[in-house]
Amino acid sequence: SGLGKLRVAVIGAGAAGLCAARHLLSRPDTFAPPVVYEVTKNIGGTWVYEEKVGYYDNGLPIHSSMYRDLRTNIPKEVMSFPDFPFAKHLPSFVHHTEVRKYLEEYCHHFRLWDHIKFGTTVASVTPVKVKDGWNGLAWNVTSNDGLDQSKSTTERFDAVMVCNGHFYDAYIPAIPGLEKFKGTLMHSHDYRNAEPLAGKSVVLLGAGLSGLDIAMELSNVDAKVILSHGQHPLTCSLPSGVQQAPPVTSLLDDGSLEFKDGRRAKPEVFLMCTGYNFTFPFLDEKVGVKVQEHLVWPLYKFLIPPAYPSLFIVGICRAICPFPHFHIQSQFVLSVLDGSFSLPTREEMEKDIELDIAARRARGISTRHILKLDSEQWAYNDQLAQLGGFQPLPYFWSNLYESNKMFRARDMLNYKTFNYTVLSETEWAVHNFHGQQLQNPLPVEKQI
Ligand code: FAD
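Numbering-wise (the numbering used here), the sequence shown opens with residue 1 and increments by one.
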């Protein structure tokens, strides 16, 4: 093709961006060392805890939604990148500081530090037609030094991996009358610890992982919590002082909240654990990637815009096991770029996306849930590995992960006290806090 080594830009030095860089660096035959752009002064994204809320001193918004006492909800045995385990001495569910350390060790081990441009914000990513680039395409990446628009630089790349995360731009649902609320209105992005809410009455909206976790923290400081959510009522035992209610539908003139069943409450705090928006403010409109109702679209294999197939948006799927997912997606991207997997034509990719979305809709999945892969992630991962011709995840991975999900559903108060041991490619064991071995809820042969 007349091309030299491919130059790839990576946007973000969170877990996804680091993983992308690790794989690009492992192939110096085909890829020039990547340039990783990172707004902050740190690697780790989500895992860089900031006590402050709001803005950094330089005026940029605080990225991380991490709270002080968070421990992971996925055991380290399957949370890790498959080629880089967490330290042996750690328990299965680690404090967030250990995850940040782990990512720093990953950076040392794979020598990523020198390739990261810290304090650099990617402001625009624009495709350009070129004569001899990858598929006739190249990318101009313009970055600023912090907020200073005047200090901008543009560099040319063959491909771009977008790894900017999607847990920082708080999503606030449009509840009629919300502006009438007279107490403290906050989003989980700005939640750090429970003490300021001790003894208070709190309506917590949303029973996702953060909602449940924060409800438990609030219960420990004797807050009176109403957990308002649209799922089926939870049947597992809830922390003390936590009641359930259906979703908040509106606010009345006196500032009280009305629930779907007509009940009302006038809490001191209204805490929204309602998730986050996707945002790609730097992406040229020409690329045609749209965000509608929490769906990022159109992307072939949730990664590639068919019209511009040297741009890759890594890590947008939800309800997944993130680090292994990034590991698989990154290798798939390499297989596309090095030609070991030939992408279908633009029309074929568009058709594939259309059929995939239609099949999900036919199963009753609404637009806002399409990116939630959940138990389908394993088939997705295996498919990418097969298409790209690289090693799939070890066999035990999905079984252990799905078992943890079942333990969590049964006993959200205690599942993080369990410890897992991987015994072989297919087998693992789990022990409770007292050291008693528990039965695997999913026999291995019935693996999903
Ligand atoms: P991020 O970690 O968000 O990193 C994105 C990076 O991109 C950031 O460093 C950001 O500064 C940078 N960036 C953004 N825009 C630009 C730009 N324009 N220019 C340059 N740089 C930019 N996962 C688990 O596996 N286990 C858990 O227990 C778990 N718990 C979680 C708890 C909470 C509260 C949250 C919010 C998430 C949790 N996750 C967990 C998911 C977690 O988000 C992923 O593990 C992972 O950190 C996502 O990595 P990422 O690289 O996609 O995004």
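Ideal Cβ positions, reconstructed from N, Cα and C, are used throughout, including at glycine.
If the criterion is Cβ atoms closer than 8 Å, does the pair THR126 and ASN144 meet it?
no
CA-to-CA distance, GLU50 to LEU283, given in whole angstroms:
27 Å
Buried or exposed: which applies to LYS76, given that a residue is buried once 16 or more other Cβ atoms fall within 10 Å of its Cβ?
buried
Looking at the strands, I want to know which residues DSSP matches up with TRP397.
According to DSSP, which records beta bridges pairwise, TRP397 is partnered with nothing at all.
Considering only their Cβ atoms, is the gap separating ASN419 from SER65 smaller than 8 Å?
no
Comparing the CB of ILE74 with every heavy atom of ligand 1, is any distance shorter than 7 Å?
yes
Return yes when the Cβ of VAL99 is within less than 8 Å of the Cβ of THR72, no when it is not.
yes
Under the three-state DSSP convention, the category LYS5 falls into:
coil
Which residues bound the alpha helix (DSSP H) around ILE357?
346 to 362
Buried or exposed: GLN377, going by 16 or more other Cβ atoms within 10 Å of its Cβ?
buried
By the DSSP assignment, the beta strand (DSSP E) with THR40 in it spans what residues?
Premise fails: THR40 is in no beta strand (DSSP E) and is neither H nor E.
For PHE259, does the three-state DSSP call read helix, strand or coil?
strand
C-beta contact flag for PHE86 and VAL94 at 8 Å:
yes
Anyone know if the C-beta pair for GLU425 and PHE390 falls short of 8 Å?
no
Check whether ILE353 and LEU295 have beta carbons under 8 Å apart:
no
Where the beta strand (DSSP E) through GLY133 begins and ends:
120 to 134
Looking only at its own chain, which residues have a Cβ that is under 6 Å from the Cβ of ALA13, when we skip the five neighbours before and after it?
VAL36, GLU38, ILE43, ILE116
Where SER342 sits in the DSSP three-state scheme:
coil
What are the uninterrupted segments assigned as alpha helix (DSSP H) that are 4 or more residues long and contained completely in the stretch 58 to 125, given in chain order?
76 to 79, 96 to 109
Range covered by the beta strand (DSSP E) that runs through LEU295
295 to 297
Just checking my contact of ALA307 with TRP139 at CB under 8 Å: how many whole Å lie between their CB atoms?
Their Cβ separation, rounded to whole angstroms, is 13 Å, which puts ALA307 and TRP139 out of contact at 8 Å.
Can you tell me the Cβ-Cβ gap for GLY165 and LEU60, rounded? I've got them flagged as a contact below 8 Å.
That pair is no contact at about 14 Å.
Relative to the C-alpha of TYR380, which candidate in GLN439, ARG346, LEU303 has its C-alpha closest?
LEU303
Near ALA16, which residues of its chain fall below 6 Å by C-beta distance, leaving aside the five closest residues on each side in sequence?
CYS163, VAL314, GLY315, PHE326
Measuring from the CB of VAL10, is there a heavy atom of ligand 1 at a distance below 7 Å?
no
Are the stretch 357 to 375 and the stretch 173 to 193 touching by the rule of at least three beta carbon pairs closer than 8 Å?
no
In its own chain, which residues sit with a C-beta less than 6 Å from the C-beta of LYS266, not counting the 5 before and 5 after it?
SER256
For ligand 1, I want to know if ALA16 counts as a neighbour, meaning its beta carbon is within less than 7 Å of at least one of the ligand's heavy atoms.
yes
Are the Cβ atoms of ARG192 and VAL53 separated by less than 8 Å?
yes
In the stretch 199 to 226, which residue ranges form an unbroken beta strand (DSSP E) of at least 3 residues, counting only runs that do not cross its ends?
201 to 205
In this structure, does DSSP put GLN292 in helix, strand or coil?
strand
Sort ASP254, ASP190, LEU6, GLY435 by Cα distance to ASP158 and report the nearest one.
LEU6
When you compare only the Cα positions, how much space is there between LEU103 and SER398?
22 Å
Nearer than 7 Å: is that true of the beta carbon of CYS317 relative to any heavy atom of ligand 1?
no
Mapping DSSP to helix, strand and coil, what is GLN437?
strand
Opening and closing residue of the alpha helix (DSSP H) in which SER335 lies:
322 to 337
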